[in-house]
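Down below is the structure, laid out as structure tokens.
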Amino acid sequence: MEWKNIFRGMIMGVSDVVPGVSGGTIAFILGIYDRLIDAISGFFSKDWLQHLRFLLPLVLGVGTSILLFSKVITYFIDNYYQPTQFLFLGLIIGILPMLVKESDLKKSFTKKDYLALAIAFILVASMAFLKESSMAPIETLTVTSAIGLFFAGWIASMTMLLPGVSGSLMLLIMGVYYTALNALHTLNIPIILALVAGGGVGFIVSSKVIKFLMNAYPKLTFAVIIGLVLGSTIVVFPGISSSVILNVASVITFILGVIIVQFIGRMNNKMVQKAN
1 MEWKNIFRGM IMGVSDVVPG VSGGTIAFIL GIYDRLIDAI SGFFSKDWLQ
51 HLRFLLPLVL GVGTSILLFS KVITYFIDNY YQPTQFLFLG LIIGILPMLV
101 KESDLKKSFT KKDYLALAIA FILVASMAFL KESSMAPIET LTVTSAIGLF
151 FAGWIASMTM LLPGVSGSLM LLIMGVYYTA LNALHTLNIP IILALVAGGG
201 VGFIVSSKVI KFLMNAYPKL TFAVIIGLVL GSTIVVFPGI SSSVILNVAS
251 VITFILGVII VQFIGRMNNK MVQKAN
């Protein structure tokens, strides 16, 4: 067992709770991204035991961190909603320059790529109209909500594997983020299991899909990702308060979010340079 992966997993778990910070990016910074993808996609291969030894402590660290840090995020959302949302907004906007640079948008995007970007933006931004209903967490599991949460966990797990895209951001876009936070905070086991089941299946199945998309259609995939991130800013934006103090606090948290992502980005670049 690689028990140092517990610590790595805990760092990834913190990032996975906060919309805008990608667990995949953190894995890349920690130098385990390629092995993580290989371990997940090869979980049912003849080398499953070797992959399990790598993944088990990592999952343990991620799970522990998510359970602990979700309580912190829940507290700040309940008591300081606007500044917390602006922190998320800063994290999300801060990732955009990294995505633009990685995709080489200005030089290589075609009309087809820009169209995909626009469609993704419109689809996500339109979910802002559902924001009020998405704020109310699901507390009782029904057949319909179980299916919805399962697929939400699946989609979120897909994005967790992409450097630059946050799984919790996708949960926020789909209106499931507050349900997930509330379930973790109150230890609502049925809802947690529905999300985890979807996430587990998504990790195993989607790792192969992500490899294919990133290799076969890299520009189109990045175009959709950028559109999703841009559209999510509309969903996350909480409005402006009449309180000057609250607005000042929101500006500070927004700047803090941008700084955090830029710091992660610089660490990421250093890792890439060392690897080359």
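Residue numbers (our numbering): 1 to 276. Don't be surprised by glycine CBs; every beta carbon is placed ideally from N, CA and C.
V244 has its alpha-carbon roughly 31 Å from the corresponding atom of F121.
Distance between F109 and T140, taken at the CA atoms: about 45 Å. Rounded to whole angstroms, the separation of the alpha carbons of I189 and I93 is 33 Å.
Contiguous beta strand (DSSP E) elements confined to the stretch 165–205 do not occur, taking only those with 3 or more residues. Counted as a single uninterrupted DSSP element, the stretch harbouring S45 is not any alpha helix (DSSP H), since DSSP gives it neither H nor E. DSSP, reduced to helix, strand and coil, places G90 within a helical segment of the structure shown. Going by C-alpha positions, R266 is about 16 Å away from G23. Setting aside the 5 residues that flank it on each side, L246 is surrounded in the same chain by Q82, each with a C-beta closer than 6 Å to its C-beta; the list follows chain order.
Secondary structure at L96: helix, using DSSP grouped into helix, strand and coil.
DSSP, read as helix, strand or coil, puts P57 in helix. In the three-state reduction of the DSSP assignment, P238 falls in the coil class, being assigned neither a helical nor a strand state. Contact check for M158 against G202 passes: the beta carbons are separated by less than 8 Å. Between the beta-carbon of I95 and that of V229 there is about 6 Å, and that keeps the pair under the 8 Å contact cut. Annotation for K208: S41 place their beta carbon closer than 7 Å to its own, counting only its chain and skipping 5 residues before and after. Excluding sequence positions up to five before and after P19, its CB lies within less than 6 Å of the CB of F88, S166, S168, L169 and L172, all in the same chain and listed in chain order. In the displayed model, S15 falls within a helix according to three-state DSSP.
The Cβ-Cβ distance between L99 and F263 does not fall below 8 Å.
With fewer than 16 other beta carbons inside 10 angstroms of its own, V248 counts as exposed.
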